Amino acid sequence: MVDRTTPEFRSYLDLYEHASLLELGRLADAVRWKLHPENVVTYIIDRNINYTNVCVADCKFCAFYRRPKHAEGYLLSFEEIGRKIDELKAIGGVQILMQGGHNPYIPFEWYLDLLRYIKRHHPIHIHGFSPSEVDFFAGRFGMTIEAVIKELKAAGLDSIPGGGGEILVQSVRDQVARKKAGADRWLEVMEIAHGLGLRTSVTMMYGLGETNADRLEHLFRVREVQRRTRGFTAFICWPLQPENSELAHLPKTDAVTYLKTQAIARIVLEDVPNIQASWVTMGMKVGQVALRFGANDFGSLMMEENVVSAAGTTYRTTLSEMQRLIADAGYTPKKRKQDYTILEDAA
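Using our numbering, the first residue of the sequence shown is number 16, and each one after it goes up by one.
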């Protein structure tokens with residue numbers, strides 16, 4: 016548990032709530048340059064592959080999922096996934112982000128066979144299966160978290176995305192995602208994955224009705240794990256996109272809140288090496304500004320994205336446009352891999 020009465024917590028909370036936007040930006044930018052002294056902003060070319068939209072988690076903020084037996088529910092075939100990977104490779108893609116709903120009809124062997132199929136026929140880095148999915152697999156198939164991750168890794172999983180993090184405060188999760196992995200469990204999955212040699216990203220989706228202190232507790236909990244494992248490669252935050260979901264009545268947060276939230280994350284999470292700007296939800300211009308508020312990475316070209324799009328957010332870009340946006344913000348664009356290794360053969 017995070018003690019919210021400590022001087023450190025109260026100091027950071029005061030900074031988040033009362034410092035000016037430009038002051039927070041200045042402090043976050045200083046951390047960014049300390050960690051990344053090169054005038055470079057990285058990006059990756061990947062594709063989101065949502066292998067199924069059938070889900071029993073019933074998260075109130077999700078507009079993408081369909082309940083079992085719904086007419087619009089789907090499960091992609093191995094061949095369909097293979098075609099998507101080939102299309103990605105044709106434009107220089109280096110990774111797939113593969114996630115799906117908590118589908119009770121899929122046997123565990125299907126996931127293992129899928130990973131083996133991809134590695135055999137369409138080899139590429141597989142950044143897949145969020146902690147929430149891993150927890151679902153463990154419960155559904157009567158396995159430990161460690162056993163699930165070991166099997167997935169042996170079949171070809173390369174790293175784990177930070178999906179399902181939302182706000183890592185249980186009282187908040189109980190209100191919006193009661194059936195999904197709790198805060199402790201989500202972090203446990205990540206820590207076990209790190210111990211088994213898998214690197215992961217970590218996320219925060221805010222605007223769920225939580226307090227500023229809840230957001231800060233989320234960051235403190237991430238920092239606790241990172242100081243033990245050093246397994247998180249990057250942090251990404253974005254606001255709830257409430258349209259078409261059960262939380263459509265909640266107001267959307269603004270760009271100032273986003274920039275301040277990313278900035279305080281960069282300040283608190285000095286142990287997490289990279290911060291991604293979230294232009295997918297915030298738009299290109301705010302994404303550029305975010306590069307002065309702690310971000311050193313412009314995220315993914317994202318050939319395909321379904322979950323955020325289902326809520327009505329549809330920002331898109333091209334490779335040349337992404338490179339131009341980074342250059343216009345004053346940086347040299349560099350293509351990277353999932354582990355943030357620069358690919359020298361590309362801008």
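The beta-carbon is built from N, C-alpha and C at its ideal position, and this holds for glycine as well. Since we're looking at a predicted model, the values are computed, not measured.
* Buried or exposed (CB count within 10 angstroms, at least 16 for buried), L37 -> Within the sequence shown, the letter at position 22 stands for residue 37. Exposed is the call here.
* How should T218 be labelled, buried or exposed, when 16 other C-beta atoms within 10 angstroms of its C-beta is the threshold for buried? -> On the sequence shown, residue 218 is found 203 positions in, with the first residue counted as 1. Label assigned to T218: buried.
* Which of helix, strand or coil DSSP assigns to Q296 -> Taking the first residue of the sequence shown as position 1, residue 296 is located at position 281. Checking the displayed sequence, the identity of residue 296 turns out to be Thr instead of Gln. It is helical.
* **Closest residue to T252 among V271, D269 and Y221 (Cα-Cα distance)** => Taking the sequence shown and counting its residues from 1, the one referred to as residue 252 is at position 237. What sits at residue 252 in the sequence shown is Cys, not Thr. It is Y221 whose Cα lies nearest to the Cα of C252.
* **Residue from V46, Y132, I111 and G314 whose Cα sits closest to the Cα of H142** => Translated into positions along the sequence shown, residue 142 becomes position 127. For the residues V46, Y132, I111 and G314, the minimum Cα distance to H142 belongs to I111.
* To do: Could you pull out every residue in the same chain whose Cβ sits closer than 6 angstroms to the Cβ of A270, ignoring the five residues on either side in sequence?
  => For this step, residue 270 is matched to residue 255 along the sequence shown. Within the same chain, A270 has close Cβ partners V301.
* From R81, S174 and R238, residue whose alpha carbon lies closest to that of M16 -> Position 1 of the sequence shown, counted from the first residue, corresponds to residue 16. Among R81, S174 and R238, the Cα nearest to that of M16 is on R238.
* Asked: Within the chosen definition, does the region 225-244 reach the region 173-192 through at least 3 CB pairs nearer than 8 angstroms?
  -> yes
* Asked: For V163, which of A280, G178, S315 and S145 has the nearest alpha-carbon?
  -> Reading the sequence shown from its first residue, position 148 is the one you call residue 163. Looking at the Cα atoms, S145 is the closest of the given residues.
* Asked: Exposed or buried, K49, counting other C-beta atoms within 10 Å across all chains shown (16 or more means buried)?
  -> In the sequence shown, the residue the question calls residue 49 occupies position 34. Exposed: under 16 other Cβ atoms inside 10 Å.
* Hey, out of V240, M317 and E124, whose CA is closest to A11's CA? -> No information on residue 11 is available, as it lies outside the stretch 16 to 362 that the chain covers here.
* Asked: Is L103 closer than 8 angstroms to Y66 when the C-beta atoms are compared?
  -> For this step, residue 66 is matched to residue 51 along the sequence shown. For this step, residue 103 is matched to residue 88 along the sequence shown. Going by C-beta atoms, Y66 is not nearer than 8 angstroms to L103.
* Pair within 8 angstroms by beta-carbon distance, V56 and N311 -> As a position in the sequence shown, residue 56 is number 41, starting the count at 1. As a position in the sequence shown, residue 311 is number 296, starting the count at 1. The Cβ atoms of V56 and N311 lie closer than 8 angstroms to each other.
* Starting from P146, follow the alpha helix (DSSP H) in both directions and report where the run begins and ends. => Along the sequence shown, read from residue 1 onward, the residue named residue 146 stands at position 131. Its alpha helix (DSSP H) spans residues P146 to F156.
* **Bridge-paired residues (DSSP) for C252** => Here residue 252 refers to the residue found at position 237 of the sequence shown. C252 pairs with M219.
* By Cβ distance below 8 angstroms, which residues in the same chain neighbour R25 in space, the five residues on each side in sequence not counted? -> Along the sequence shown, one-based indexing puts residue 25 at 10. Counting only Cβ-Cβ distances below 8 angstroms, and skipping sequence neighbours, we find R19.
* Asked: Per DSSP, I64 forms a beta bridge with which residues?
  -> Mapped onto the sequence shown, residue 64 falls at position 49. Paired residues: M113.
* Within 10 angstroms of its Cβ, does N54 collect 16 or more other Cβ (buried), or is it exposed? -> Position 39 of the sequence shown holds residue 54. Exposed, since its Cβ has fewer than 16 Cβ neighbours within 10 Å.
* Asked: Just reading off the beta strand (DSSP E) that Q291 is part of, what are its end residues?
  -> Position 276 of the sequence shown, counted from the start, is the residue given in the question as residue 291. Residue range N289 to Q291 is occupied by the beta strand (DSSP E) that includes Q291.
* Asked: Taking C-alpha atoms, which residue in I279, V287, L274 and E285 lies nearest to S293?
  -> As a first step, residue 293 must be located in the sequence shown, where it is residue number 278. Measuring from the Cα of S293, the nearest candidate turns out to be L274.
* Going by alpha carbons, who is nearest to E359 out of F247, D101, I59 and M317? -> Position 344 of the sequence shown, counted from the first residue, corresponds to residue 359. Per the Cα distances, I59.
* DSSP beta-bridge partners of F247 -> Counting from one through the sequence shown, the residue named residue 247 turns up at place 232. For F247, the pairing in a beta bridge is given by DSSP as T215.
* To the nearest angstrom, how far is it from the Cα of R200 to the Cα of A153? -> For this step, residue 200 is matched to residue 185 along the sequence shown. For this step, residue 153 is matched to residue 138 along the sequence shown. Their Cα atoms are separated by approximately 11 angstroms.
* Taking the alpha-carbon positions, what's the K134 to G171 distance? -> On the sequence shown, position 119 is the one that residue 134 refers to. On the sequence shown, position 156 is the one that residue 171 refers to. Cα to Cα, K134 sits roughly 6 angstroms from G171.
* To do: Would you kindly work out how many angstroms separate the C-alpha atoms of A278 and D44, rounded to a whole number?
  => Locating residue 278 in the sequence shown gives position 263, where the first residue counts as 1. Locating residue 44 in the sequence shown gives position 29, where the first residue counts as 1. A278 and D44: Cα-Cα distance of roughly 8 angstroms.
* Asked: Hey, how far is the Cα of A78 from the Cα of K194?
  -> Residue numbering aside, residue 78 sits at position 63 when the sequence shown is read from its first letter. Residue numbering aside, residue 194 sits at position 179 when the sequence shown is read from its first letter. Computed Cα separation, rounded: 16 angstroms.
* Smallest Cα separation from G179: which of Y126, G116 and D128? -> In the sequence shown, counting from the first residue as 1, residue 179 sits at position 164. Ranking the options by Cα distance to G179, first place goes to G116.
* Terminal residues of the alpha helix (DSSP H) in which F93 lies -> Position 78 of the sequence shown, counted from the first residue, corresponds to residue 93. Start and end: F93 to A105.
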